[in-house]
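Quick notes on the structure that follows.
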Amino acid sequence: MTVSLDFKNPTLVMVGNWNPSILNNPIWVAKHLMDIPEGTDIEINVAVMNDGLTTKQVHLFDNIGVSCTESRLEFFSNSEASEEHITNAVRKICEILPHTPISAVGINFHFTLTEDDASSGSSLTTEEVLDEFGDIKILQRKDTLVIAEDAEFEVADAALPPTVLNVDRMYDFSELKVACNYHRDIDSMATLKLWAAENAITHWQSHAQELLNSCYGAEKYTKIGF
């Protein structure tokens, strides 16, 4: 079995009311979120992403990628050190734009499992007799779980609702895609800053890896980025 973690999807998403004209300006992002002094010569690449519904630009720095719409601010992993840099950027934006309305934060991991047999994908089969009506091309299942208390990401000095894990699996009889979305409602930038005081990305990435190992026997994975 080979397993990959695809970082061409956003690692962290903040849902709120954002100003794309500011947050899609790479010079502003470099100065205010990454502490790069104005006038510094830096290399910024641009990736154009299309999910079939919308097209967006991702500005790629050495360690992170950033993309913004009016409702979503997205951070992408772009190096081994991305987790720390993303968390630092979240803390800074809480300080710079403290009155921005925000409703939730999500951490995402997209895995692809490829194997010689169908043992992983067969776990999605049911007792339904749909194959009597045609050839099944894709098996898909989505489950929503409230994270167990002993696995929760603790946030000091903040009373937050529990983290909800959405697990989406899709199997096309050649590979199994597993998407883990760790969603938490956040009511203010002040609360988000408390949430970002520790590294939630590392915490939930370890949790997702444990899930893959327990459910599919996947112990290791390779990272695929831009």
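Under this note's numbering, the first residue of the sequence shown carries the number 799, and numbering increases by one thereafter.
Ideal placement from N, C-alpha and C gives every residue a C-beta, glycine not left out.
query                                                                                                       : result
Distance, serine 986 Cα to alanine 1016 Cα                                                                  : 37 Å
CB contact flag (phenylalanine 951, alanine 902, <7 Å)                                                      : no
Among Ile884, Glu973, Val888 and Glu996, the one whose alpha carbon lies nearest that of histidine 908      : Glu973
Counterpart residues of asparagine 848 in DSSP-defined beta bridges                                         : Thr853
Proximity to arginine 967 [Cα-Cα], best of Thr961, Ala977 and Phe931                                        : Ala977
Interface flag, proline 818 vs chain D, CB-CB below 7 Å                                                     : The structure shown has no chain D; it contains just one protein chain.
Residue nearest to tyrosine 969 in terms of C-alpha spacing, selected from Gln855, Asn861 and Arg939        : Arg939
C-alpha distance - threonine 852 paired with proline 808, whole-angstrom precision                          : 14 Å
Histidine 981: first and last residue of the uninterrupted beta strand (DSSP E) it sits in                  : 973-983
Integer Cβ distance of valine 778 from glutamate 868, believed to fall under 8 Å                            : Outside the displayed range of the chain (799 to 1024) lies residue 778, so it cannot be described from this structure.
Rounded separation between phenylalanine 805 and glutamate 926 - CA only                                    : 35 Å
Range of the contiguous alpha helix (DSSP H) that encloses glutamate 1008                                   : 998-1014
Distance between glycine 1023 and threonine 838 (C-alpha atoms, nearest Å)                                  : 25 Å
For histidine 908, the first and last residue of its enclosing beta strand (DSSP E)                         : 900-912
Given alanine 845 as reference, the closest of Pro835, Glu836, Ile834 and His857 once Cα atoms are compared : His857
Option nearest alanine 957 by Cα separation, candidates Gln1003, His883, Trp993 and Thr924                  : Trp993
Length of the line joining the Cα atoms of leucine 943 and proline 835                                      : 43 Å
Sheet register partners of glutamate 872 (DSSP bridge)                                                      : Val811 and Ser865
Distance between beta carbons of leucine 990 and valine 801, contact taken as under 8 Å                     : Incorrect: roughly 31 Å between the Cβ atoms, too far for contact.
Rounded distance between the beta-carbons of asparagine 815 and threonine 898, thought under 8 Å            : 6 Å
Three-state secondary structure assigned by DSSP to isoleucine 820                                          : helix
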